[in-house]
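J.:
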Amino acid sequence: DFLVYKLEAQEALNKEKQDSMNRYGALSSQHKILKNQHDDVKKQLLDLQLQHNSLRLEHRKSLESHSQKLAQLQQEKDSEVTNLQDTVFKLREESKLLRKAHLEVHSQLLNAQ
Numbered sequence: 001d002f003l004v005y006k007l008e009a010q011e012a013l014n015k016e017k018q019d020s021m022n023r024y025g026a027l028s029s030q031h032k033i034l035k036n037q038h039d040d041v042k043k044q045l046l047d048l049q050l051q052h053n054s055l056r057l058e059h060r061k062s063l064e065s066h067s068q069k070l071a072q073l074q075q076e077k078d079s080e081v082t083n084l085q086d087t088v089f090k091l092r093e094e095s096k097l098l099r100k101a102h103l104e105v106h107s108q109l110l111n112a113q
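So that you can map any letter, position 2 of the sequence shown is 2 in my numbering, and since no number is skipped, the others follow by simple counting.
Structure below.
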């Protein structure tokens, strides 16, 4: 009777040991898969961080370039406006002189009659 009990206990122990080994193997495989996934995601993160930094630098350079171009265009426009204002002023002065000369000629013609 004791031998039957001992044999059954040994079989139960062996089954429990086998179940534990199977569970350990499954957990070990799952751990390996998750570790590989973790490493892949970590690499993706590093790649994306590098890409992000590169794009940020490119954006900053582009922004600086556009700001410089805008400042240059603003300066050119301001210069052109100033030149046009000078031209308008000179043309008005010339127009006044021409009117004055015209009136003088007209007056001389009237006096000559």
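Glycine included, C-beta positions come from ideal geometry on N, C-alpha and C.
What's the C-alpha gap between Thr87 and Gln74?
T.: The count along the sequence shown starts at 1 and reaches residue 87 at position 87. The count along the sequence shown starts at 1 and reaches residue 74 at position 74. Cα to Cα, the separation comes out at about 20 Å.
J.: Over the uninterrupted alpha helix (DSSP H) stretch that includes Asp40, give me the two end residues.
T.: As a first step, residue 40 must be located in the sequence shown, where it is residue number 40. Phe2 to Ala112 is the span of the alpha helix (DSSP H), which, as asked, contains Asp40.
J.: Measure the alpha-carbon distance for Val4 versus Lys42 and round it to whole angstroms.
T.: The sequence position of residue 4 within the sequence shown is 4, counting from 1. The sequence position of residue 42 within the sequence shown is 42, counting from 1. Between Val4 and Lys42, the C-alpha separation is close to 56 Å.
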